[in-house]
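Numbering-wise (UniProt numbering), the sequence shown opens with residue 1 and increments by one.
Structure, as structure tokens:
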Amino acid sequence: MYEVSTEQSFSAAHYLRNYNGACENLHGHNWKVRVTVRTEVLDSIGLAIDFKILKKNLKDLLDTLDHTCINETVFTESYGNPSSENLSKYLFIEMRKRLSPDFPDLEIGRVDVWETPGNCASYYE
């Protein structure tokens with residue numbers, strides 16, 4: 001099995017609903033995201049996926065969140081609280097939607113989200 005990862009950052013605000021503490025107030029983070037993809041099959045030149053394709057797909061996705069309040073863009077009350085855990089799952093699902101049509105042998109292995117240095121939440125299946 002091969003794994004390929006890329007990391008990017010974005011800035012966004014959020015607040016945690018029903019949280020007893022300062023995080024229930026609107027505040028921002030410089031989030032860091034790592035997406036790892038896996039495959040058993042390499043293409044004809046020995047790549048799992050071109051890094052520029054993986055980076056572009058992640059950048060395009062993160063651009064939809066950059067400098068927003070993610071409670072108002074993605075995490076409406078029906079979707080859930082915008083915790084790092086839920087954000088990692090959301091990004092996992094969205095990256096799978098973006099890559100699956102063109103890369104059927106590739107799977108999203110894991111998405112890691114840091115809301116601050118040293119504090120990371122991950123989602124994988």
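For glycine and all other residues, C-beta sits at the position ideal for the given N, C-alpha and C.
Pull up the distance between the alpha-carbon of Ile49 and that of Leu87, whole angstroms please. Translated into positions along the sequence shown, residue 49 becomes position 49. Translated into positions along the sequence shown, residue 87 becomes position 87. Rounded to whole angstroms, Ile49 to Leu87 spans 24 Å at the Cα level.
Output the residue ranges of the alpha helix (DSSP H) runs that lie fully inside the region 60–102 and measure 4 residues or longer, sorted by chain position. Unbroken alpha helix (DSSP H) runs of no fewer than 4 residues, entirely contained in the region 60–102, are found at 70–73, 84–99, following chain order.
Identify whether Ala121 lies in helix, strand or coil by the three-state DSSP scheme. As a first step, residue 121 must be located in the sequence shown, where it is residue number 121. Residue state, collapsed to three classes: strand.
Mind the definition here: the region 79–93 touches the region 108–117 only if three or more C-beta pairs lie below 8 Å; say whether that holds. In this structure the region 79–93 touches the region 108–117; the number of beta carbon pairs closer than 8 Å is three or more.
Could you name the residues of the same chain whose beta carbon sits closer than 7 Å to that of Tyr124, not counting the 5 residues immediately before and after it, in chain order? Walking along the sequence shown from the start, residue 124 turns up at place 124. So the list reads Gly109, Arg110, once near-sequence residues are dropped.
Between the region 95–109 and the region 12–32, are three or more C-beta pairs nearer than 8 Å? The region 95–109, when compared against the region 12–32, does not touch it at the 8 Å Cβ threshold.
Looking at the unbroken beta strand (DSSP E) that takes in residue 133, where does it start and where does it end? Residue 133 cannot be examined here, being either before or after the span of the chain that is shown, 1 to 125.
Over the uninterrupted beta strand (DSSP E) stretch that includes Gly28, give me the two end residues. By one-based count along the sequence shown, residue 28 stands at place 28. First-last of the beta strand (DSSP E) with Gly28: 27–39.
Expressed to the nearest angstrom, what Euclidean distance is found between the alpha-carbon atoms of Glu94 and Lys55? For this step, residue 94 is matched to residue 94 along the sequence shown. For this step, residue 55 is matched to residue 55 along the sequence shown. Glu94 and Lys55 have their alpha carbons spaced roughly 14 Å apart.
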